[in-house]
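Peer 1:
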Amino acid sequence: MNFLVVLNQVLILVVILIVGVVAGKKGIIAEGASKKLSELLLYITNPMLVLSSFFFEYSPEKMRNGLLVFLYGSGFFLFSILISGLLYKNYDKKIKPILRFTAVFSNCGFMGLPMMKALFGDEGVFLGSFYLVAFNLFVWTFGLAMFSDIKVKEDFRKSMKQALLNPALIAFYIGVVVFIFKIPVPGFIISAVNYIGDMTLPLSMLIIGALVSTVKFSTLLNDPKVYYASAVRLIILPLAAYGIFYLVGVPKIVMSVLVTAVAMPIAANTTIFAEMFDKDSVFASKSVTLSTIFSIITTPLIVSLL
């Protein structure tokens, strides 16, 4: 893919992010407002973006590609879990699970799906939704296990319920039914869903910008481990994904979606899990923030390889 095309899309995101930073600094997007906007993103706009990607004619090839994204994505999650265990085996237990989590899980939903929409259109979001299924299954099972030993059946059942009933996945299930069974959807509903879904990209970048505005850069830049985590997340694993999928002979659109998803910055869930299990949430927050900033540079470089 042409580097300038990708760079243009990333620069659009950067401009919106800067607006979010200014809005955060000026108090236009206050801390409480940022939380509510995140809920709007989680429960409404992102699911609508997923659902909107299924409003086209059924094609066995597209469905097959979606399943390939799920299977290859799941395989790469297992690979990443193994690699993260090797890279971070000697680290302190307060940050070891955080570092492993940062290596395995990217922000493939809030940042990944809008990026796929911008680069590959509705088909990109359609295929990216299958990756999101794998992401949720792994983040609420293996991801949760990294922070806490899941030995009780009730805990495992609860985590699986959270994985399978994520708002974006509920939209995915509805979309699959509409897609496979060719259920006619009125034009005004399609338009409404599209309009709401298209809010995801600007909304997500405004929220990230507002969060970045709260960070003191003097404390953000003084921890080498944060740089290492960002390098693994943004460079090492995306290049590994590109090499593996290229050698295996994965179809181009499937590989493009997979590599784009892997190339996204550290997942926001990292901070949530760190707080939940009494780990170093400050380190987690710094890792998420710095990797998001660095992704402005690394994303166009990685995606331009496709």
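Note that numbering that gives the first Met the number 0 has the sequence shown beginning at 0, numbered continuously upward. No residue lacks a Cβ here, since even glycine has one placed at the ideal position from N, Cα and C. Bear in mind that the values here come from a model prediction, so they are computed numbers and not experimental data.
#1: When you compare only the Cα positions, how much space is there between THR269 and LEU118?
#2: Which one or two residues does DSSP pair with ILE182 in a beta bridge?
#3: In the DSSP assignment, the alpha helix (DSSP H) including GLU56 goes from what residue to what residue?
#4: Determine the extent of the alpha helix (DSSP H) in which SER33 is found, giving its start and end residues.
#5: Expressed to the nearest angstrom, what Euclidean distance is found between the alpha-carbon atoms of VAL68 and PRO59?
#6: Could you have a look at ILE265 and say whether DSSP puts it in helix, strand or coil?
#7: Under 7 Å Cβ to Cβ from ALA133, same chain only, skipping five residues before and after it: list those, please.
#8: What residue does the alpha helix (DSSP H) around ARG99 start on, and which one ends it?
#9: Out of curiosity, what's the CA-to-CA distance linking LEU50 and PHE146?
#10: Measure the alpha-carbon distance for SER203 versus ILE265 and round it to whole angstroms.
#11: Taking buried to mean at least 16 other C-beta atoms within 10 Å of its own C-beta, is TYR241 buried or exposed?
#12: I'd like the list of long-range same chain contacts for ASN193, defined as Cβ closer than 6 Å, with 5 residues on each side in sequence excluded.
#13: Please state whether DSSP places MET204 in a helix, a strand or coil.
#14: From which residue to which residue does the alpha helix (DSSP H) around GLY19 run?
#15: Quick one, are the C-beta atoms of VAL253 and ASN89 less than 7 Å apart?
#16: With a threshold of 16 other CB atoms inside 10 Å of the CB of MET114, please say whether the residue is buried or exposed.
#17: Going by Cα to Cα distance, which pick from ASP279, PRO223, MET110 is closest to LEU200?
#18: Would you mind giving the Cβ-Cβ distance between LYS278 and ILE97, rounded to the nearest angstrom? I have them listed as a contact below 8 Å.
#19: Looking only at C-alpha atoms, which of ALA267, GLY208, LYS93 sits nearest to GLY224?
#20: On a Cα-Cα basis, can you pick out the residue from VAL5, LYS24, LEU3 that is closest to ILE207?
#21: Is it the case that the Cβ atoms of MET263 and THR44 are separated by a distance below 7 Å?
#22: What is the DSSP secondary structure of ILE271, counted as helix, strand or coil?
#23: What is the residue span of the alpha helix (DSSP H) that TYR237 lies within?
#24: Select from ILE301, GLY19, SER217 the residue whose C-alpha is nearest the C-alpha of LEU233.
#25: Grab me the residues of PHE100's own chain with a C-beta within less than 7 Å of its C-beta, minus the 5 sequence neighbours each way, in chain order.
#26: Give the straight-line distance between the Cα atoms of VAL231 and LYS95, rounded to the nearest whole angstrom.
#27: Could you give the distance in angstroms between the alpha-carbon of GLU56 and the alpha-carbon of PHE178?
#28: Taking a contact to mean a Cβ-Cβ separation below 7 Å, would you say PHE244 touches LEU257 in this structure?
#29: Look at MET47 and ILE195 and say whether their C-beta atoms are less than 7 Å apart.
#30: Classify TYR42: buried if its beta carbon has 16 or more other beta carbons within 10 angstroms, exposed otherwise.
#31: Which of helix, strand or coil does DSSP assign to TYR90?
#32: If I'm right that LEU131 touches GLY108 with Cβ under 8 Å, what's the distance once you round it to whole angstroms?
Peer 2: Walking through what the data contain:
#1: If I take the Cα positions, the gap works out to 26 Å.
#2: Under DSSP, ILE182 shares a beta bridge with no residue.
#3: Element bounds for GLU56: n/a, residue is neither H nor E.
#4: First-last of the alpha helix (DSSP H) with SER33: 30-39.
#5: Rounded to whole angstroms, VAL68 to PRO59 spans 14 Å at the Cα level.
#6: Here ILE265 carries a strand assignment [DSSP, helix/strand/coil].
#7: Here the set comprises PHE69, GLY72, SER73, PHE76.
#8: First-last of the alpha helix (DSSP H) with ARG99: 95-103.
#9: Taking the straight line joining both Cα atoms gives about 32 Å.
#10: Computed Cα separation, rounded: 14 Å.
#11: Per the 10 Å Cβ criterion, buried.
#12: Cβ contact annotation for ASN193 (same chain, cutoff 6 Å, sequence separation greater than five): SER51, in chain order.
#13: If DSSP states are grouped into helix, strand and coil, MET204 belongs with the helices.
#14: Where GLY19 is concerned, the enclosing alpha helix (DSSP H) stretches over 2-24.
#15: No, the pair does not count as a contact, with Cβ atoms beyond the cut-off.
#16: Result: buried.
#17: Restricting attention to ASP279, PRO223, MET110, the CA atom closest to the CA of LEU200 is found in MET110.
#18: Contact holds; Cβ gap of about 6 Å.
#19: Residue identity check: residue 224 is Lys in the sequence provided, not Gly. Taking the Cα of LYS224 as reference, the smallest distance to any Cα among ALA267, GLY208, LYS93 is reached at LYS93.
#20: Of the listed residues, the one whose Cα sits closest to ILE207 is LYS24.
#21: No, Cβ-Cβ distance for MET263 and THR44 is not below 7 Å.
#22: When DSSP states are grouped into helix, strand and coil, ILE271 belongs to the helix group.
#23: As written in the sequence, residue 237 is Pro, which differs from the Tyr given in the question. In the DSSP assignment, PRO237 falls within the unbroken alpha helix (DSSP H) covering 236-247.
#24: Of the listed residues, the one whose Cα sits closest to LEU233 is ILE301.
#25: Excluding sequence positions up to five before and after PHE100, its CB lies within less than 7 Å of the CB of GLY142, MET145, THR269, PHE272, all in the same chain and listed in chain order.
#26: C-alpha separation (whole angstroms): 14 Å.
#27: C-alpha separation (whole angstroms): 7 Å.
#28: Closer than 7 Å, so yes.
#29: In contact: MET47 and ILE195 (Cβ atoms closer than 7 Å).
#30: By the 10 Å Cβ count, TYR42 comes out exposed.
#31: Residue state, collapsed to three classes: coil.
#32: Contact flag correct, Cβ pair sits at about 6 Å.
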